[in-house]
Amino acid sequence: MHAHRPRTPAAERTRRWFMNRSLLLGGAAAVAAMTGCSAGASDTNGSASGGAQSGTPSGGPGGAGGMGPGATEVKYADFTGVTTDGKVVDDLFSIHSTGVSTDAVVKAAQTFLDGLSAKVRRASVFDVDDDEWLAWSNVDGYEREGARMGDLTEKQRNLGYALLGAALSADGLAQTRNIMKLNAFLGDYNGGGKETLTEGHYYFTFMGTPSTTKPWGFQYEGHHVAINYFVLGDQVVMTPTFMGSEPTSATYNGEKITLFKPETKAGLALLRSLSPAQRKKVISADEKGGTNMVAGAGQDNLKLAYQGLAAREFTSAQRQKLLDLVGVYVGYMDDGHAAVKLKEVEEHLDDTYFYWIGETKDSSAFYYRVHSPVVLIEYDAQSPLAYGENAQMGGGGGAPSGGPSGMPSGQPTSMPSGGPGEGGMGMGGTPTQQHIHTIIRTPNGNDYGVDLLKLHLETDH
1 MHAHRPRTPA
11 AERTRRWFMN
21 RSLLLGGAAA
31 VAAMTGCSAG
41 ASDTNGSASG
51 GAQSGTPSGG
61 PGGAGGMGPG
71 ATEVKYADFT
81 GVTTDGKVVD
91 DLFSIHSTGV
101 STDAVVKAAQ
111 TFLDGLSAKV
121 RRASVFDVDD
131 DEWLAWSNVD
141 GYEREGARMG
151 DLTEKQRNLG
161 YALLGAALSA
171 DGLAQTRNIM
181 KLNAFLGDYN
191 GGGKETLTEG
201 HYYFTFMGTP
211 STTKPWGFQY
221 EGHHVAINYF
231 VLGDQVVMTP
241 TFMGSEPTSA
251 TYNGEKITLF
261 KPETKAGLAL
271 LRSLSPAQRK
281 KVISADEKGG
291 TNMVAGAGQD
301 NLKLAYQGLA
311 AREFTSAQRQ
321 KLLDLVGVYV
331 GYMDDGHAAV
341 KLKEVEEHLD
351 DTYFYWIGET
361 KDSSAFYYRV
371 HSPVVLIEYD
381 AQSPLAYGEN
391 AQMGGGGGAP
401 SGGPSGMPSG
411 QPTSMPSGGP
421 GEGGMGMGGT
431 PTQQHIHTII
441 RTPNGNDYGV
451 DLLKLHLETD
461 H
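Going letter by letter, the sequence shown gives residues 1 to 461 in the numbering used here.
Structure (structure tokens):
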């Protein structure tokens, strides 16, 4: 056992307090916005239809769109992963050598841990099968464990970024850092969330001890970022990984930042390569809702049926565009392990489904899903909550004096005091590409590397 204190009922209540507070403040309508759930999207068994429907969530707080764990939080021991019908497909994953070294990420993780104070280190290290894996959220004000970047010295933060640099590709590191910067932009823009809407409100936690032979992993999370990185030997599982932003394009400290263009363009490229007959099977008759994501935080045991069209009905050129799309998301992990994951996806390409909700113009706000036995990807352009013409935040007037550039005039500059999340909740508004959520998961039990850990314990212990 590690030195970290066990999670107590009081600590669990602290997290659940966040959702309960939201219920009291805003009622069902607020929860609908916060969870990203829509009626029919979630039930008490964690199933989802994926259709865009209106109304309040039927299954209560669950975090489908990124709210995070609440009353429905799944425990590690009860984890089964995303399935189509509640039954895990067997024999999809195995312990084997990938030929891609993990030495660099092991060294970077150990160096970061060695650079922490004893107190912070104790608070940041959990057992490899701890419930902490599943206790992540997209919400800015959610109470987190671990080493907070804003509380570390510059040297310690640089060691943290070095760990991310070893685990991620250059694109993945840039994406993560830019999400953090736009989080700070949002805080400056609306004048609220001075602690949470910053570059510093992101946390590292570690499960197990960095090792080239024994299972371990780390989690890096905060507002609009949650990276779960499991390591066993030279195998890596980097799911679930949630990335989002509001806004997705702005100028912060003189730097113009634009996010999710590759995800947007690759999705449109695949859709536009389809024939009219294929599009009829791919594009839902439902209208795009304010949020359509179903596999966000708190949805670890989600039941999600395949929808859309399977790639077995694609041409070779269309299949390549599908792989190109998956490659954008997989490509945020280090290059060697990204290639390993992409090969895994390709082995199940015939059973990979593509599904779409919404319009199809370059500027349209749309939702798409890629779903197979070994990968689940969601892209969701959502309603504005704290930025843009339809943002559902309090206040009024123009941009704060001396604030960041790149914002429309006449937008809200303050946040409601004491509101849930301290700057991330709202209702309604027309969906826009200025608020995008994405997630990639490994269905059938291998998110967080759970299936690999089970196999390891069965064969090596």
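We put the CB at the ideal spot given by N, CA and C, even for glycine. Here the structure is a predicted model, which is why all the values come from computation and not from measurement.
Item, Value
"Residue of Phe218, Lys214, Glu359 and Thr198 minimising C-alpha distance to glycine 205", "Strictly speaking, residue 205 in this sequence is threonine, with glycine absent from that position. Ranking Phe218, Lys214, Glu359 and Thr198 by Cα distance to threonine 205 puts Phe218 first."
"Rounded C-alpha distance that separates proline 210 from asparagine 292", "37 Å"
"Run of the alpha helix (DSSP H) containing asparagine 190, from where it starts to where it stops", "170 to 190"
"Burial state of arginine 369, where buried means 16 or more other Cβ atoms lie within 10 Å", "buried"
"First and last residue of the uninterrupted beta strand (DSSP E) at arginine 441", "436 to 441"
"Extent of the continuous alpha helix (DSSP H) run through glycine 267", "261 to 273"
"Which of helix, strand or coil DSSP assigns to tyrosine 368", "strand"
"The beta strand (DSSP E) enclosing threonine 352, as first and last residue numbers", "Per DSSP, threonine 352 belongs to no beta strand (DSSP E) and is neither H nor E."
"Threonine 413 to alanine 391 span [Cα, whole Å]", "For threonine 413, the predicted model reports a pLDDT of 29, less than 50, meaning its position is unreliable and no value from the coordinates is stated."
"Nearest-angstrom beta carbon gap, tryptophan 356 and serine 284 [assumed within contact, 8 Å]", "7 Å"
"Under 8 Å between C-beta atoms of glycine 308 and tyrosine 353", "yes"
"Close-in-space but distant-in-sequence residues of the same chain around serine 417 (CB under 7 Å, 5 per side omitted)", "Caution is warranted here: a pLDDT of 28 is assigned to serine 417, below 50, making its placement in the model unreliable, and the coordinate value is therefore given only provisionally. Within the same chain, serine 417 has no close Cβ partners at all."
"DSSP state of glycine 336 mapped onto helix, strand, coil", "helix"
"8 Å contact criterion, which proline 443 and valine 82 should meet: CB distance rounded", "4 Å"
"Strand pairing of glutamine 235, partner residues [DSSP]", "Leu232"
"Sub-8 Å separation of aspartate 90 and threonine 239 beta-carbons", "no"
"Sufficient close CB pairs (3 or more, under 8 Å) joining the stretch 335 to 353 to the stretch 309 to 324", "yes"
"Cβ shell of serine 401 (< 8 Å), same chain only, five flanking positions each side left out", "Here serine 401 scores only 27 on pLDDT, less than 50, and its place in the model should not be relied on; the value that follows carries that caveat. Cβ within range, chain order: n/a, list empty."
"Glutamate 263 burial status per 10 Å Cβ neighbour count (16 or more: buried)", "buried"
"Alanine 391 in three-state terms, based on DSSP", "coil"
"Three-state secondary structure (DSSP) of glutamine 219", "strand"
"Status (buried if at least 16 other CB within 10 Å, exposed otherwise) for glycine 254", "exposed"
"C-beta contact flag for threonine 248 and glutamine 382 at 8 Å", "no"
"Contact set for threonine 186: own chain, Cβ-Cβ below 8 Å, skip 5 residues either direction", "It should be noted that the sequence gives leucine, not threonine, for residue 186. So the qualifying residues of the chain are Gly193, Leu197, Glu246, Pro247, Ala386, Tyr387 and Gly423."
"The alpha helix (DSSP H) enclosing phenylalanine 204, as first and last residue numbers", "Run containing phenylalanine 204: none in the alpha helix (DSSP H); it sits in the beta strand (DSSP E), 202 to 207."
"Cβ-Cβ distance between glycine 327 and aspartate 171 below 8 Å", "no"
"Beta-carbon gap between glycine 150 and histidine 201 smaller than 8 Å", "yes"
"Candidates Ser94, Met243 and Tyr189: closest to glycine 233 by CA position", "Ser94"
"Between the CA atoms of glycine 336 and valine 105 - distance to the nearest angstrom", "12 Å"
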